[in-house]
Structures are given as C-alpha cells and as structure tokens.
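Notes to accompany the following structure.
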Amino acid sequence: MSGQKWSFAGVDLNTKGWSVIEVPEGIGTVGLRGSNIQIPFQDGKHWIKKRYEERIVMLPMWVRGLDPVTGKVPSGVSLDEQLYENIDFLSRLFGKRGEHTLKRTLPDGSEREALAEVYKQVNFVKSMPGYAKFAVEFLLSDPFFYDTQKTQETKQVSNTSYEWTHNNPGTAPATDVVITLSGPMESPKLECLGSNLWLQFQGSIGSGESVVINAGDFTCKKGSSNMISAIKHGGDACWFILESGYNQLRISGASGGSVKLEYYPAYF
Numbered sequence: 156m157s158g159q160k161w162s163f164a165g166v167d168l169n170t171k172g173w174s175v176i177e178v179p180e181g182i183g184t185v186g187l188r189g190s191n192i193q194i195p196f197q198d199g200k201h202w203i204k205k206r207y208e209e210r211i212v213m214l215p216m217w218v219r220g221l222d223p224v225t226g227k228v229p230s231g232v233s234l235d236e237q238l239y240e241n242i243d244f245l246s247r248l249f250g251k252r253g254e255h256t257l258k259r260t261l262p263d264g265s266e267r268e269a270l271a272e273v274y275k276q277v278n279f280v281k282s283m284p285g286y287a288k289f290a291v292e293f294l295l296s297d298p299f300f301y302d303t304q305k306t307q308e309t310k311q312v313s314n315t316s317y318e319w320t321h322n323n324p325g326t327a328p329a330t331d332v333v334i335t336l337s338g339p340m341e342s343p344k345l346e347c348l349g350s351n352l353w354l355q356f357q358g359s360i361g362s363g364e365s366v367v368i369n370a371g372d373f374t375c376k377k378g379s380s381n382m383i384s385a386i387k388h389g390g391d392a393c394w395f396i397l398e399s400g401y402n403q404l405r406i407s408g409a410s411g412g413s414v415k416l417e418y419y420p421a422y423f
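My numbering puts the first residue of the sequence shown at 156, with every later residue one more than the last.
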C-alpha cells in the first residue's frame, strides 16, 4: 500500500512531523449485515438480500519532535518539546467529535473520500526521545469511499424502447444516483436488466420539461413540484442501483428526449 497519502478534516496525515506507517485494516471489501432465515421443517436456511455493514479503517502512525513542514527541530525548543507540541496538535485533530472527511490519495493521484469519526481512544507510546507511535481507528458509518469526480452520462432516446450499456467505474454499487428525464415522455420506465431493478415515473413529461429523481435521497421533482407520489419501483428497497462494472439499461415509454445519470462512484 506504499505511495498512498491520507488526510483527515483537511489536515495532512503524511508530513515530516507525523505520518502513516501502513494500512493493516479497513482496505478491501466490506462485510454484510443481515442473516438468512431459518424455516421450520426445511433444510438449511432461506437466503435474504443483505446490506453492507459499517467499517473500520485503522491507520498506524508515528510522530516525531520535528516541524511538520521543514522536518527540523525548531530553534529554541528541544526534540521532546516539539514532540509534545505535535502530540497536542494531533490530539486536538483526532479529538474532534462527529464525522469529518477522511481522504485517501492513491499513487496515481486520484482521490477518494469518506465520512469518518475517531471512535476509540488514541494512545501515544513514546519509544525513544522525540519519537512516538500510535494508531487511529476511524469508523465509517457509510462504509464506502467516493470519487471526488462525478460520473455523468446522457443518452438521447431514439425510440420507445431504448437500451444501452453503462459502465460504473467504482468497485462498489452506486445507490446515490440522480436521474434526469427530459421529455417528451409518457410514464417512462428505467430498468437495470441484469439485476431486475426498475424505476418508473408515472406521468407525462412534456417537451422542454424535466423530472429529476434522486435515488439516494428518495426525492422526485418536476420543476419546483414534489412528484414523489408518481414514483414506482421494484426489485429492491433502493430506488435504483448501478452495480460495479457494466450495467445493461433500458428506458421505455419515451418518444424522444433524454435520460441523464449522475453519481459519485463508490469504492470499497
């Protein structure tokens, strides 16, 4: 995992005064929440669809009695004095309550962000003059990291039943998808054929009109009007899901117009 960089609440965690050693926990896929159901007089259990659980990302770190910018001991202070000043700074940072942005910068320069909180105590262990080790455990209630760049795709609908393939570049499913339907359309239905999910706006969308459906927030707007009562969906409790990789999509009920997909790709 060499070459990665981290920041928390806007503070760089890779400096000349302190830095991340490695990432032994929290990088990889996420565990599932939920259990299969036992049915009397039947073998095994009945499978149920499960959800991803919250996750922990643990960062082992070191801190030295050095200026975080210059990497030198500031004039007029000792190595240990600067060490404890750096420890105070990090204690204020990791003692912040609530969720803050945990940013992960990959070796290629791409960035992924998650909301995280430090939920366990941080113990600084001094092993030699001017040097201490510690570990920070971040709890991610939403277990995914998200790309900082939004993925967008717009398709002009050329017939009443139009199919295309959409590539979700993330490694995890995207559920917080914003779908914009621009008319003319009559009760358009958007389907993800591989997972049997569908989402339908039951109503007319005239030429020049648009309906914006936010599948993550469970909202539907036509202009300033709340149109949530016109939404029907099936296949999952989520309104819409784009699985990682290629998704075969189909929109029906359109005599023209366009469909636009927008979301921040999710990563394990």
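By construction, the Cβ of each residue, glycine as well, lies at the ideal position given by its N, Cα and C atoms.
Terminal residues of the continuous alpha helix (DSSP H) containing residue i?
i       : result
Glu-208 : From DSSP, Glu-208 is part of no alpha helix (DSSP H); its letter is neither H nor E.
Under 6 Å Cβ to Cβ from residue i, same chain only, skipping five residues before and after it: list those, please.
i       : result
Val-333 : Asn-369 and Glu-417
Tyr-419 : Tyr-301, Asp-302 and Lys-305
Val-367 : Thr-335 and Lys-376
Lys-275 : Glu-292
Going by Cα to Cα distance, which pick from the options is closest to residue i?
i       : options                               : result
Glu-346 : Gly-361, Gly-363 and Val-414          : Val-414
Thr-460 : Gly-172, Val-175, Tyr-422 and Ser-174 : What the structure shows of the chain is the stretch from 156 to 423, and residue 460 is not part of that stretch, so it cannot be assessed.
Thr-170 : Gln-197, Arg-210, Gly-220 and Gly-400 : Gly-220
Ser-313 : Ala-409, Glu-254, Phe-356 and Trp-394 : Ala-409
Leu-348 : Gly-165, Trp-217, Tyr-239 and Leu-404 : Leu-404
Phe-299 : Val-273, Thr-256 and Leu-336          : Thr-256
Pro-343 : Glu-208, Phe-244, Gly-412 and Leu-245 : Gly-412
Glu-209 : Asn-323, Leu-295, Asp-391 and Met-382 : Leu-295
Gln-159 : Ala-290, Gly-199, Gly-285 and Lys-258 : Lys-258
Ser-407 : Lys-275, Gly-371, Met-213 and Gln-355 : Gln-355
Gly-165 : Phe-373, Ser-399, Leu-397 and Leu-245 : Leu-245
Asp-243 : Asp-198, Val-228, Cys-393 and Val-218 : Val-218
Trp-394 : Ser-362, Tyr-239, Asn-351 and Ile-360 : Asn-351
Pro-262 : Pro-215, Trp-161, Phe-293 and Tyr-239 : Trp-161
Gln-307 : Pro-324, Val-291 and Val-277          : Pro-324
Tyr-239 : Asn-278, Asp-167 and Gln-311          : Asn-278
Val-175 : Glu-236, Ser-230, Thr-260 and Thr-326 : Thr-260
Phe-163 : Val-273, Val-185 and Ser-230          : Val-273
Val-185 : Thr-326, Gln-237, Trp-353 and Ser-316 : Thr-326
What span of residues does the beta strand (DSSP E) with residue i cover, start to end?
i       : result
Glu-272 : 266-273
Leu-348 : Premise fails: Leu-348 is in no beta strand (DSSP E) and is neither H nor E.
Asn-314 : Note, Asn-314: premise wrong, no beta strand (DSSP E); not H, not E.
Ala-409 : 400-409
Ala-327 : No beta strand (DSSP E) holds Ala-327; DSSP gives it neither H nor E.
Lys-288 : 286-295
Ser-162 : 160-163
Asp-391 : From DSSP, Asp-391 is part of no beta strand (DSSP E); its letter is neither H nor E.
Tyr-418 : 413-418
Lys-377 : 374-377
Met-283 : 280-283
Below 8 Å CB to CB, which residues in the same chain sit around residue i once its five sequence neighbours on both sides are set aside?
i       : result
Glu-364 : Ser-337, Gly-338, Lys-377 and Gly-378
Met-156 : Unreliable positioning characterises Met-156 in this predicted model, as indicated by a pLDDT of 46, which lies under 50. A coordinate reading is not provided.
Ile-194 : Lys-200 and His-201
Which residues in the same chain have their Cβ closer than 7 Å to the Cβ of residue i, if we skip the five residues on either side of it in sequence?
i       : result
Ser-282 : Lys-288
Val-280 : Ala-287, Lys-288 and Phe-289
Gly-361 : Gly-338 and Pro-339
Gly-189 : Ile-203, Lys-205 and Arg-206
Leu-234 : Gly-220, Val-228, Pro-284 and Gly-285
Gly-172 : Val-218, Arg-219, Leu-221, Asp-222, Pro-223 and Asn-241
Gln-357 : Ser-342, Ala-385 and Lys-387
Ile-192 : Lys-200, His-201 and Ile-203
(message) Under 8 Å, with one C-beta from each stretch per pair, do the region 170-185 and the region 263-281 reach the 3-pair mark?
(response) no
(message) When you compare the region 196-209 with the region 223-243, are there three or more beta-carbon pairs, one atom per stretch, that lie closer than 8 Å?
(response) no
(message) Three or more C-beta pairs under 8 Å: does that hold for the region 244-258 against the region 328-342?
(response) no
(request) Quick one: which unbroken beta strand (DSSP E) runs of 3-plus residues sit fully inside the region 204-251? Chain order, please. (result) 210-219
(request) Could you tell me whether the region 316-325 touches the region 377-395, using the rule of 3 or more Cβ pairs below 8 Å? (result) no
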